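Take the sequence shown: its position 249, counted from the start at 1, is 249 in the UniProt record's numbering, and no numbers get skipped. The block underneath contains the structure these notes are about, expressed in structure tokens.
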Amino acid sequence: MLLGVIADDFTGATDIAGFLVENGMRTVQLNGIPENNTSVEADAVVISLKSRSCPVDEAVSDSLAALNWLQSQGCQQFYFKYCSTFDSTAQGNIGPVTDALLKALDEDFTIVCPALPVNGRTVFNGHLFVLGEPLNESGMRNHPVTPMTDSSLLRLMNAQAQGKTGLVNYQVIENSADATTAYFQELRHQGYRYAVVDAFNTEHLVTLGQAAKSLKLVTGGSGLATGIAKNWASHLADQSQAKSTGLPTQAKSVILSGSCSLMTNKQVAEYKTKAPHFYVDVEACLSNEHYAQQVCEWVQTQLDTPFAPMVYATADSDKLHKIQQQYGVQISSQAVEKFFSQLAHQLQEVGVRNFIVAGGETSGTVTQSLGVQGFHIGPQIAPGVPWVKSLDGSLSLALKSGNFGDEHFFVKAQEFFL
Numbered sequence: 001m002l003l004g005v006i007a008d009d010f011t012g013a014t015d016i017a018g019f020l021v022e023n024g025m026r027t028v029q030l031n032g033i034p035e036n037n038t039s040v041e042a043d044a045v046v047i048s049l050k051s052r053s054c055p056v057d058e059a060v061s062d063s064l065a066a067l068n069w070l071q072s073q074g075c076q077q078f079y080f081k082y083c084s085t086f087d088s089t090a091q092g093n094i095g096p097v098t099d100a101l102l103k104a105l106d107e108d109f110t111i112v113c114p115a116l117p118v119n120g121r122t123v124f125n126g127h128l129f130v131l132g133e134p135l136n137e138s139g140m141r142n143h144p145v146t147p148m149t150d151s152s153l154l155r156l157m158n159a160q161a162q163g164k165t166g167l168v169n170y171q172v173i174e175n176s177a178d179a180t181t182a183y184f185q186e187l188r189h190q191g192y193r194y195a196v197v198d199a200f201n202t203e204h205l206v207t208l209g210q211a212a213k214s215l216k217l218v219t220g221g222s223g224l225a226t227g228i229a230k231n232w233a234s235h236l237a238d239q240s241q242a243k244s245t246g247l248p249t250q251a252k253s254v255i256l257s258g259s260c261s262l263m264t265n266k267q268v269a270e271y272k273t274k275a276p277h278f279y280v281d282v283e284a285c286l287s288n289e290h291y292a293q294q295v296c297e298w299v300q301t302q303l304d305t306p307f308a309p310m311v312y313a314t315a316d317s318d319k320l321h322k323i324q325q326q327y328g329v330q331i332s333s334q335a336v337e338k339f340f341s342q343l344a345h346q347l348q349e350v351g352v353r354n355f356i357v358a359g360g361e362t363s364g365t366v367t368q369s370l371g372v373q374g375f376h377i378g379p380q381i382a383p384g385v386p387w388v389k390s391l392d393g394s395l396s397l398a399l400k401s402g403n404f405g406d407e408h409f410f411v412k413a414q415e416f417f418l
């Protein structure tokens with residue numbers, strides 16, 4: 001095993017795993033901390049945790065447990081993967097987890113690289129931008145759990161970590177990988193523990209990957225994975241086969257959409273013009289104990305249509321606000337997730353084998369309900385969204401973060417097997 005990735009949430013893990021496979025690394029994703037006797041044959045393993053917004057002590061403990069297992073597998077380099085919008089607060093969890101991993105690895109320096117230019121996440125002079133807007137002026141400013149009110153990654157990191165944060169700007173990076181490596185060393189000798197790195201195009205990420213070759217620990221979003229994977233090219237047995245294990249096959253298929261993001265709303269609206277669809281009634285989720293079974297029966301009547309039937313709780317901001325006002329944010333959310341959990345299990349029982357899921361929480365709920373402990377990673381449908389196949393080969397899933405993919409995502413996902 002060459003590379004071990006510790007991801008702070010479920011779809012983020014699938015996101016980076018997809019980029020590793022696209023660059024030739026046979027990659028397996030494991031859900032949660034593996035048992036000590038778990039054995040995996042792969043070039044890279046991605047462990048997905050639920051450590052993004054849990055208490056700091058829990059995030060640190062789980063991340064160290066994941067690191068311990070990866071070390072037991074002989075991993076040569078480690079990657080702490082967090083969101084490309086640097087979701088965290090002044091208390092953490094990105095800073096404390098980074099510090100704990102550095103200490104456990106007996107290292108004193110790493111880089112901070114959330115950039116993912118292909119999805120509009122860029123870093124310029126140490127400031128993070130989302131689709132051209134400073135982070136604190138984007139939709140992340142109003143995030144209910146981790147509101148991002150500053151775009152300066154240096155200030156964000158200094159507020160929650162134990163050391164000093166320096167900057168490697170784009171001019172250094174555009175010089176060369178060697179110049180960038182030398183600048184890492186200069187910052188390290190000056191007592192900096194972390195280096196925020198500029199990156200606003202793919203070339204920057206490739207150069208940064210080369211420059212970070214000697215670092216035991218790197219931290220960032222999924223974009224840096226492209227450059228890191230290229231470093232291991234000479235160690236990979238057969239790069240052409242990296243995606244094949246995770247390819248989906250033609251089988252009964254369904255779309256489950258729980259995300260209410262702007263892009264998922266567009267995707268749902270587009271797909272409704274092509275395929276049978278069923279809107280999830282929150283009141284029915286709360287009051288009708290047979291609701292999931294009734295929806296499962298509806299899905300069964302639609303499985304022979306040209307495109308997979310869609311069951312969706314996706315709503316625009318006004319409708320979502322009214323639902324939350326009527327039922328409460330937590331109660332409505334938990335009811336919908338419980339519904340999707342029951343529905344996924346029942347659909348599996350009646351022979352559905354391909355699940356296309358929109359939304360991070362929904363993806364985690366569905367995967368848990370299906371009893372999937374890990375995946376082989378297949379080809380990407382859109383940047384950061386690959387097809388994955390359960391380790392036993394019985395199920396294929398496409399697990400999409402809310403805003404990933406374009407309006408035609410649901411159809412594109414099915415083009416791999418239609």
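Beta carbons: idealized from backbone N, C-alpha and C, even for Gly. Just so it is clear, the structure is predicted and the values come from calculations on it, not from any experiment.
Exercise. By DSSP, does Ser-88 sit in helix, in strand, or in coil?
Worked result: coil
Exercise. Can you tell me the Cα-Cα spacing of Lys-412 and Leu-67, whole angstroms?
Worked result: 35 Å
For this session: Taking Ser-214 as part of the beta strand (DSSP E), name the residues at either end of that continuous run.
Result: First-last for Ser-214: undefined, no H or E at that position.
Exercise. Taking buried to mean at least 16 other C-beta atoms within 10 Å of its own C-beta, is His-204 buried or exposed?
Worked result: buried
Exercise. Any contact of the stretch 386 to 397 with the stretch 280 to 300, i.e. 3+ C-beta pairs under 8 Å?
Worked result: no
Exercise. Using the C-alpha atoms, what's the distance from Ser-222 back to Lys-81?
Worked result: 7 Å
For this session: Give the single residue among His-189, Thr-207, Val-282, Thr-38 whose Cα lies nearest to the Cα of Gln-326.
Result: Val-282
For this session: Output the distance between the C-alpha atoms of Pro-309 and Leu-128, rounded to the nearest integer angstrom.
Result: 38 Å
Problem set entry | Reduced DSSP secondary structure (H/G/I, E/B, other) of Cys-296 | helix
Exercise. Going straight from the alpha carbon of Asn-265 to that of His-408, what length do you get?
Worked result: 12 Å
Exercise. Under a three-way DSSP split, which group does Glu-349 fall into?
Worked result: helix
For this session: Could you please give me the residues that DSSP links to Arg-52 through a beta bridge?
Result: Per DSSP, none; premise fails for Arg-52.
Exercise. Between the stretch 356 to 373 and the stretch 338 to 345, do three or more beta carbon pairs fall short of 8 Å?
Worked result: yes
Problem set entry | Expected contact under 8 Å - CB spacing of Pro-117 and Asn-201 to nearest Å | 5 Å
Problem set entry | Spatial distance of Gly-220 from Thr-122 (CA atoms) | 12 Å
Problem set entry | Outcome for residue 428 when other beta-carbon atoms lying within 10 angstroms are tallied against a minimum of 16 | This structure cannot settle anything about residue 428, because the visible part of the chain is limited to 1 through 418.
Exercise. So what does Tyr-279 bridge to, in DSSP terms?
Worked result: Tyr-312
Problem set entry | Cα-Cα separation, Pro-114 to Tyr-279 | 35 Å
Exercise. Comparing alpha-carbon positions, which option in Leu-208, Thr-11, Leu-2, Gln-91 lies nearest Ser-363?
Worked result: Thr-11
Exercise. Just how far apart, CA to CA, sit Gly-258 and Asn-175?
Worked result: 45 Å
Problem set entry | Contacting residues, own chain, Cβ-Cβ under 7 Å from Leu-236 (five flanking each side not counted) | Gly-24, Met-25, Asp-43
Exercise. Which partner residues of Glu-133 appear in the DSSP bridge assignment?
Worked result: Val-130
Problem set entry | Sheet register partners of Gln-29 (DSSP bridge) | Val-46, Phe-375
Problem set entry | Pairwise C-alpha distance: Ile-323 and Ser-332 | 7 Å
Exercise. Hey, Val-357 and Ala-398: beta-carbon distance below 8 Å or not?
Worked result: yes
Exercise. So, helix, strand or coil for Tyr-194, using DSSP?
Worked result: strand
For this session: From the DSSP output, in three-state form, read off Tyr-327 for me.
Result: helix
Problem set entry | Limits of the unbroken beta strand (DSSP E) element including Gly-18 | Not the beta strand (DSSP E): Gly-18 falls in the alpha helix (DSSP H), residues 10 to 22.
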